[in-house]
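K.L.:
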Amino acid sequence: QYIKKIRERELKDSDREQVNTNLYNLTKAEIYVDDSSQLKGEELKKRCCLMRKKYGVDIIFIDSFELLCGGNTYLPTSMEEEMEAAILKDIKSVSVELDIPIVVLSHISNSAKMKLGSSEPITNHVANHILENIDSMYFIWRDYRSDIAKFIIAKHKNITEKQEIELKFIESIDKFVDK
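Under my numbering, think of the first position of the sequence shown as 326, with each following residue one higher.
1) Considering K329, what are the terminal residues of the alpha helix (DSSP H) in which it resides?
2) May I ask you to verify whether the segment 347-356 touches the segment 383-395, counting CB pairs closer than 8 angstroms and requiring at least 3?
3) Would you check if the distance between the CB atom of H454 and the CB atom of A410 is smaller than 7 angstroms?
4) My guess is that K487 and I477 are in contact by the Cβ rule of under 8 angstroms, so how many angstroms apart are they, rounded?
5) Identify, in the order they occur along the chain, each residue of the same chain with its Cβ nearer than 8 angstroms to the Cβ of R305, setting aside the five sequence neighbours on each side.
6) Out of I490, E355, E367, state which residue places its alpha-carbon closest to the alpha-carbon of S418.
7) Put V308 into one of helix, strand or coil per three-state DSSP.
8) Got a sec: is the Cβ-Cβ distance from D415 to anything in chain B below 7 angstroms?
9) Is D415 near L369, with beta carbons less than 7 angstroms apart?
10) What number of angstroms, rounded off, separates the C-alpha of E342 from the C-alpha of N458?
11) By a C-beta neighbour count over all protein chains shown, 10 Å radius and 16 as the cutoff for buried, is A315 buried or exposed?
12) Please report the Cβ distance between D472 and E496, rounded to the nearest whole angstrom; I am assuming they are in contact, meaning their Cβ atoms lie under 8 angstroms.
13) Give me the residue from I425, V344, M404 with the minimum Cα distance to V382.
14) Under a Cβ-count criterion, where at least 16 other Cβ atoms within 10 Å of its own Cβ denotes burial, should V429 be classed as buried or exposed?
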């Protein structure tokens, strides 16, 4: 809401105070970025351990899984799947060892995006080598012609079937809220 007001030069003094407070809190947040790609298991583990020990991080985000894998389209499918499975196993073992969650962000194909809107479980379209090595899987699906989105819980240890939560997308501030 504030971004739109800033753009349109409609920010009130009370809004300005809240924006300043939020910006101050953001500047105090400890955010560490390592923009390396194609890390192998041991190097990934070493960097995560360093971040945990040196900075005390409580959560690690990896964006994107495809960059971590190197996006090698010249490998046969079976070799690519083996490489992805090995990377996911490494990530999971680091998460367990450091006792922190590691969130891996990824892109999905257009054909899988289309199936997100269907009644068919999205996990049917995710390779087994990926499903076997993750604890949970979530998607946000939005038809770009609408402001309605779905938060989809595709896999979680406490649920047996896909769960969906409808959200409203506020484009002016790039935010999802309860519908």
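The beta-carbon is built from N, C-alpha and C at its ideal position, and this holds for glycine as well.
None of the values given here were measured: they were computed from a predicted structure.
P.N.:
This is what the structure gives:
1) In the sequence shown, residue 329 corresponds to position 4, counting from 1. From DSSP, the alpha helix (DSSP H) with K329 extends over 327-332.
2) no
3) Here the question's residue 454 lines up with position 129 in the sequence shown. Here the question's residue 410 lines up with position 85 in the sequence shown. Yes.
4) Within the sequence shown, the letter at position 162 stands for residue 487. Within the sequence shown, the letter at position 152 stands for residue 477. Rounded, the Cβ-Cβ distance is 6 angstroms, consistent with contact.
5) The chain is shown only over 326 to 504; residue 305 falls outside these bounds and no answer can be derived.
6) Taking the sequence shown and counting its residues from 1, one reaches residue 418 at position 93. When only C-alpha atoms are compared, the closest one is E367.
7) The chain is shown only over 326 to 504; residue 308 falls outside these bounds and no answer can be derived.
8) No chain B appears in the structure shown, which is made up of a single protein chain.
9) Sequence index remark: in the sequence shown, residue 415 carries index 90 (1-based). Sequence index remark: in the sequence shown, residue 369 carries index 44 (1-based). Going by C-beta atoms, D415 is nearer than 7 angstroms to L369.
10) In the sequence shown, counting from the first residue as 1, residue 342 sits at position 17. In the sequence shown, counting from the first residue as 1, residue 458 sits at position 133. Between E342 and N458, the alpha-carbon positions lie close to 45 angstroms from each other.
11) In the structure as shown, the chain starts at 326 and stops at 504, and residue 315 therefore has no counterpart that could be examined.
12) Your numbering for residue 472 matches position 147 in the sequence shown. Your numbering for residue 496 matches position 171 in the sequence shown. With a Cβ gap of about 7 angstroms, D472 and E496 count as contacting.
13) Walking along the sequence shown from the start, residue 382 turns up at place 57. For V382, the nearest C-alpha among the options comes from I425.
14) If you number the sequence shown from 1, residue 429 lands on position 104. Label assigned to V429: buried.
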